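Engineer: In full-length UniProt numbering, the protein residues as written are 1 to 201. Just so you know, even glycine gets a beta-carbon here, dropped at the ideal spot from N, CA and C. Computed from a predicted structure; not experimentally measured. First the structure, then my questions, so here it is.
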Amino acid sequence: MSPRGDDAGDSAPEADPDLPALDDEYLTRVAERLQFNYDLDADRRVHGESFALSGTLTLENHKQFLHSALSYGHHESVERLYARRCDGVNVADLEALVALGHDLGMEIDADEEHFSTEFTFALVAPQIPDEVREFVAGFSDRTLLKYGYHGHYEINLLVVAPDTEQLVASENAEVAVAFRLWESDEPESSGLAARLAGLFG
Numbered sequence: 001m002s003p004r005g006d007d008a009g010d011s012a013p014e015a016d017p018d019l020p021a022l023d024d025e026y027l028t029r030v031a032e033r034l035q036f037n038y039d040l041d042a043d044r045r046v047h048g049e050s051f052a053l054s055g056t057l058t059l060e061n062h063k064q065f066l067h068s069a070l071s072y073g074h075h076e077s078v079e080r081l082y083a084r085r086c087d088g089v090n091v092a093d094l095e096a097l098v099a100l101g102h103d104l105g106m107e108i109d110a111d112e113e114h115f116s117t118e119f120t121f122a123l124v125a126p127q128i129p130d131e132v133r134e135f136v137a138g139f140s141d142r143t144l145l146k147y148g149y150h151g152h153y154e155i156n157l158l159v160v161a162p163d164t165e166q167l168v169a170s171e172n173a174e175v176a177v178a179f180r181l182w183e184s185d186e187p188e189s190s191g192l193a194a195r196l197a198g199l200f201g
């Protein structure tokens, strides 16, 4: 066998340059589903909290009159995802993330073109306690900015136990589809994108 053939057989597959380097197989597979819609980062620290995976999806929408130069009704929507693995999760952990979401919401530089910002916090845990499941399933938190004239921000939660194929998410945490690896091998498009398409289409 030629040296070239030996080299080809022994070479390892190259890492995807668009994926962040994650020391977590499950989160890496989640990132593979998100990479075409989200700008992804690894090991991000936010207000003292560390997240193994973070991502940002930004959508801009406008209406057009006769020509692209004559556009109006500009709106911007952003989804920010923060995910990490934990040894266990309780309601107090989730409440701390909600407080973090409100801190981030206070930092939004919103104006008339801002439609929405979503903060979605995802925890990967060994199991999902009943009180956590109940808290997340019933959770909803939306805050208007300047009485809605500058849009709003929303906080979403999801907890996933991949080893037991369990997941619970708040109603609008539609990125949860990317965390259900056991349901499909195909990447899913963002729920935020789908909702906005219906809203502005």
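Roughly how many whole angstroms lie between the Cα atoms of leucine 70 and histidine 102?
Structural biologist: As a position in the sequence shown, residue 70 is number 70, starting the count at 1. As a position in the sequence shown, residue 102 is number 102, starting the count at 1. With a pLDDT of 41 at leucine 70, under the threshold of 50, the modelled position of that residue is not reliable, and the figure given next carries that caveat. The alpha-carbon atoms of leucine 70 and histidine 102 are separated by roughly 36 Å.
Engineer: Can you tell me the Cα-Cα spacing of valine 159 and leucine 19, whole angstroms?
Structural biologist: The count along the sequence shown starts at 1 and reaches residue 159 at position 159. The count along the sequence shown starts at 1 and reaches residue 19 at position 19. Distance between the alpha carbons of valine 159 and leucine 19: 22 Å.
Engineer: For asparagine 156, count the other beta carbons within 10 Å of its own beta carbon; 16 or more makes it buried, fewer makes it exposed. Which is it?
Structural biologist: To locate residue 156, count along the sequence shown from 1; it is residue 156. When all chains shown are included, asparagine 156 counts as buried.
Engineer: For arginine 180 and histidine 75, I'd like the C-alpha separation in whole angstroms.
Structural biologist: For the purposes of this step, residue 180 is taken as the residue at position 180 of the sequence shown. For the purposes of this step, residue 75 is taken as the residue at position 75 of the sequence shown. For arginine 180 and histidine 75, the distance between alpha carbons rounds to 30 Å.
Engineer: Between which two residues does the alpha helix (DSSP H) containing tyrosine 26 stretch?
Structural biologist: In the sequence shown, residue 26 corresponds to position 26, counting from 1. Element bounds for tyrosine 26: 25 to 34.
Engineer: Mind checking which residues open and close the beta strand (DSSP E) that includes histidine 47?
Structural biologist: Walking along the sequence shown from the start, residue 47 turns up at place 47. From DSSP, histidine 47 is part of no beta strand (DSSP E); its letter is neither H nor E.
Engineer: Helix, strand or coil for residue 203? Go by DSSP, reduced to three states.
Structural biologist: Summary: the structure shown does not reach residue 203, with the chain confined to residues 1 through 201, and so no result is reported for it.
Engineer: Excluding five sequence neighbours on each side, which residues of the same chain lie with their C-beta closer than 8 Å to the C-beta of leucine 22?
Structural biologist: Along the sequence shown, one-based indexing puts residue 22 at 22. Cβ within range, chain order: Thr28, Ala31, Ala42, Ala52, Leu53.
Engineer: So, threonine 120 versus valine 46, is the Cβ gap smaller than 8 Å?
Structural biologist: Here residue 120 corresponds to residue number 120 of the sequence shown, with the count starting at 1. Here residue 46 corresponds to residue number 46 of the sequence shown, with the count starting at 1. Going by C-beta atoms, threonine 120 is not nearer than 8 Å to valine 46.
Engineer: Can you look up leucine 104 in the DSSP assignment and give me helix, strand or coil?
Structural biologist: Within the sequence shown, numbered from 1, the residue matching residue 104 stands at position 104. In the structure shown, leucine 104 sits in a helix (DSSP, three-state: H, G or I).
Engineer: Entirely within the segment 137 to 180 and at least 3 residues each: give me those beta strand (DSSP E) ranges in chain order.
Structural biologist: DSSP runs (the beta strand (DSSP E)) wholly in the segment 137 to 180: 141 to 144, 152 to 161, 166 to 169.
Engineer: Buried or exposed, going by whether 16 or more other CB atoms sit within 10 Å of the CB of tryptophan 182?
Structural biologist: Stepping through the sequence shown from its first residue, residue 182 is reached at position 182. Tryptophan 182 should be labelled exposed.
Engineer: Since valine 124 is in the beta strand (DSSP E), which residue starts that stretch and which ends it?
Structural biologist: Translated into positions along the sequence shown, residue 124 becomes position 124. Segment 114 to 124, the beta strand (DSSP E) holding valine 124.
Engineer: Whole angstroms is fine: what's the gap from glycine 148's alpha carbon to valine 98's?
Structural biologist: As a working note, residue 148 is residue 148 in the sequence shown. As a working note, residue 98 is residue 98 in the sequence shown. The straight-line gap from Cα to Cα measures roughly 20 Å.
Engineer: For tyrosine 38, which beta-bridge partners are listed by DSSP?
Structural biologist: As a working note, residue 38 is residue 38 in the sequence shown. Partner(s): none; tyrosine 38 has no beta bridge.
Engineer: Which residue or residues does DSSP assign as beta-bridge partners of valine 78?
Structural biologist: Mapped onto the sequence shown, residue 78 falls at position 78. Bridge partners of valine 78: Thr58, Thr117.
Engineer: Which of the three DSSP states, helix, strand or coil, is assigned to alanine 110?
Structural biologist: Here residue 110 is taken as the residue at index 110 of the sequence shown, counted from 1. Coil at alanine 110, not helix or strand.
Engineer: Helix, strand or coil, according to DSSP, for leucine 66 in the structure here?
Structural biologist: On the sequence shown, residue 66 is found 66 positions in, with the first residue counted as 1. Note that leucine 66 scores 45 on pLDDT, short of 50, meaning its location in the model is unreliable; the coordinates nonetheless yield the value given after this. Leucine 66 falls in the coil class under three-state DSSP.
Engineer: Cβ of threonine 58 within 8 Å of Cβ of valine 78?
Structural biologist: Numbered from its first residue, the sequence shown carries residue 58 at position 58. Numbered from its first residue, the sequence shown carries residue 78 at position 78. Cβ distance < 8 Å, so threonine 58 and valine 78 count as in contact.
Engineer: Put alanine 21 into one of helix, strand or coil per three-state DSSP.
Structural biologist: Locating residue 21 in the sequence shown gives position 21, counting from the first residue. In this structure, alanine 21 counts as coil in the three-state DSSP scheme.
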